[in-house]
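Everything on this sheet refers to the single structure shown next.
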Amino acid sequence: MAVAAAPPASGDTEWSRLHPLSPVVRAGSAVAVLVLFSTQFDTGRRRSGFPWESFALLGLAIVAGVVSWLVTRWRVHGGDLQITTGLIRRQSIRVPLSRIQAIDVISPVVARVLGLAEVRVVVAGRGTGRTRLAYLGGAEAQRVRAMLLALAHGLASETPEPPAQPLLRIDNARVVFATVLTAPVSVLLAIAVLAGVLSFLLPHGAATASVAIPAVVGVVPEVFRRFNAVYDFQLAEAADGLRLSRGLLQTRTETIPFGRIQAVRWVEPLLWRGFGWVRLEVDVARQRGSAQREEGSSQLSRTLLPVGSREHAAWLLQRVLPGAAPVPPPGTRPPRRAAVRAPLSYHWLAFWDDRTRYALARTGRIRRQVVVVPLEKVQSVRLRQGPVERWLRLATVHIDTAGRGWQARAVCRDASDADALLWRLTDLAREARRRLP
């Protein structure tokens, strides 16, 4: 439904309802469950008569959706986004516009068919939670997003969304090939190939190969799940942050404000190295424990580059964190005795900082990675020393941020150096925060 005309001074709007077809989208999952239930129930025997039970349940789902639509309203008033819902238990949600950090637009497959989209508001300190408008018309969702972002930045509600500069677009064929070369999928494929070979070589190979059928069946949905998440991946840069657009069945348009970036991770899987491919991921600020409660929370640690060359990854890293270099300078590796504690990854371990902006940690051997943390985002620094490390006079320093995806770790450092590093990083983080405007 259209947003009412807003007074220029305050940007307030009148109460509005969601799109009238929202109950259809909400009932989509109920329809899928009913179809599955009916298929399983009818298997093996023939039923007579009309399936009244299934249609009664479907009718209840639609009625519940219609009632939810009737009692759900939203508006912008007094500097807040207000959402009221509930019939028996009335709920009123108020989101201060000044605390909005990002607004994402998501279109599940049923909503896309109907031309609808969900507006999901990301608020400082609480994640997305229940702050959602599901669903609005596609064009209306984009207009509401632009209006809320303008009001959140103290601008007039009619202010258009700032233009975005396209940075990259990933070829889907490369995404499929890279997905097949990831560890879970490649292991499943290896099992499938081995099972096929055994079926020809062994006398009773067919029975042996049948054990691998679940692995063969599991390859297709795993490849599709990963491919669907980054299909038609596009990245653009705007004044309010980085904009990500992706998805095949469910499209997502997300914004990552620059101020919420807590760390960037450079990942080189084993089977990608022969092609010189890299994946870049970004960890964003969120509330502790919110990841388990929020739908789609796996996207809180977002992919900046699903697959690309080292040159493209280095260029993109410079756009996000200017001056950060994933190559360690000399003298940043742990002592030789650390090879006893980490025999496989010892030659790859490194930790360094540039004294003013970033702390960087390189770990892994099979799955190499470099984590870059802006010093002003450091919330705490911890030193851990297990019994083996204590015997070897080693220690590991952990850097904590407001993100919960991963940490930068100075692994297996000399114990005395680790203690000095603990206090050094604490001082560098304090100084970096003081330099913030």
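In case it helps, UniProt numbering puts the sequence shown at residues 1 to 437.
Glycine residues also receive a C-beta, built at the ideal position from the N, C-alpha and C atoms.
Model, not experiment: these values are computed from the prediction.
Looking at the DSSP output, Q82 shares a beta bridge with R75 and R94.
Per DSSP, reduced to three states, the secondary structure at P387 is helical. The C-alpha of P330 is placed about 25 Å away from the C-alpha of Q385. Nearest to G11 by C-alpha distance, out of R382, V63, L97 and G59, is L97.
Collapsing the DSSP output to three states places Q318 in a helix. Short of 7 Å from the beta carbon of R75, and not among the five residues preceding or following it, lie these beta carbons of its own chain, in chain order: T13, E14, W15, S16 and Q82.
The secondary-structure analysis by DSSP pairs I170 with nothing; it has no beta-bridge partner. Taking every protein chain shown into account, the CB of P387 has fewer than 16 other CB atoms within 10 angstroms, so this residue is exposed.
The beta-carbon separation of T72 and V95, rounded to 15 Å, does not stay under the 8 Å limit for a contact. Cβ-Cβ distances below 7 Å link T332 to A350, F351 and W352 in the same chain, with the five nearest sequence neighbours on each side left out; the list follows chain order. V119 is positioned such that its CB atom lies no closer than 8 Å to that of G28.
Going by DSSP, P23 is part of the alpha helix (DSSP H) stretching over S22 to R26.
Residues P269 of the same chain have their beta carbon placed closer than 6 Å to that of R367, with the five preceding and five following residues left out of the count. Between the stretch 184-191 and the stretch 309-329 there are fewer than three C-beta pairs closer than 8 Å, too few to call the two in contact. Distances from the CA of A415 to each of V397, R430, R143 and A429 were compared; the closest alpha carbon is that of V397.
By the Cβ-count criterion, H19 is buried, with 16 or more other Cβ atoms from all chains shown falling within 10 Å of its own Cβ. Here the alpha carbons of A342 and A156 stand approximately 57 Å from one another. Look at W69 here: in three-state DSSP terms it is helix.
Cβ neighbours of G65 within its own chain (closer than 6 Å, five residues either side excluded): P23, R26 and A27.
Sequence-distant Cβ neighbours of R382 in its own chain, meaning closer than 6 Å and more than five residues away, are H398. Per DSSP, S416 is one residue of the alpha helix (DSSP H) stretching across A415 to R434.
DSSP places A338 within a helical segment (H, G or I) once states are collapsed to three. By the Cβ test, the stretch 168-183 is in contact with the stretch 225-244, since at least three Cβ pairs between them sit closer than 8 Å.
Taken through DSSP and simplified to helix, strand or coil, T179 comes out as helix.
Closest option to P328, judged by alpha-carbon separation, among V113, Y358 and R246: Y358.
Assignment of F233 by DSSP, reduced to helix, strand and coil, places it in the coil class. Residue state for A239 is assigned as coil, using DSSP reduced to three classes. The residues D354, R357 and Y358, in chain order, have a CB closer than 8 Å to that of G323 in the same chain once the five nearest residues on each side in sequence are set aside. Under the DSSP assignment, E140 falls in the alpha helix (DSSP H) whose first and last residues are G138 to A152. Here DSSP, grouped into helix, strand and coil, assigns I191 to helix. For A359, the uninterrupted beta strand (DSSP E) segment begins and ends at Y358 to T363.
Taken atom to atom, the span from the alpha-carbon of Q101 to that of A150 is near 12 Å. Taking the Cβ atoms as the reference, G403 lies roughly 19 Å from D240, outside the contact range of under 8 Å.
For R279, the enclosing beta strand (DSSP E) covers residues W277 to V284.
Collapsing the DSSP output to three states places S345 in coil.
The residue among A408, R246 and F233 with its C-alpha nearest the C-alpha of P326 is A408.
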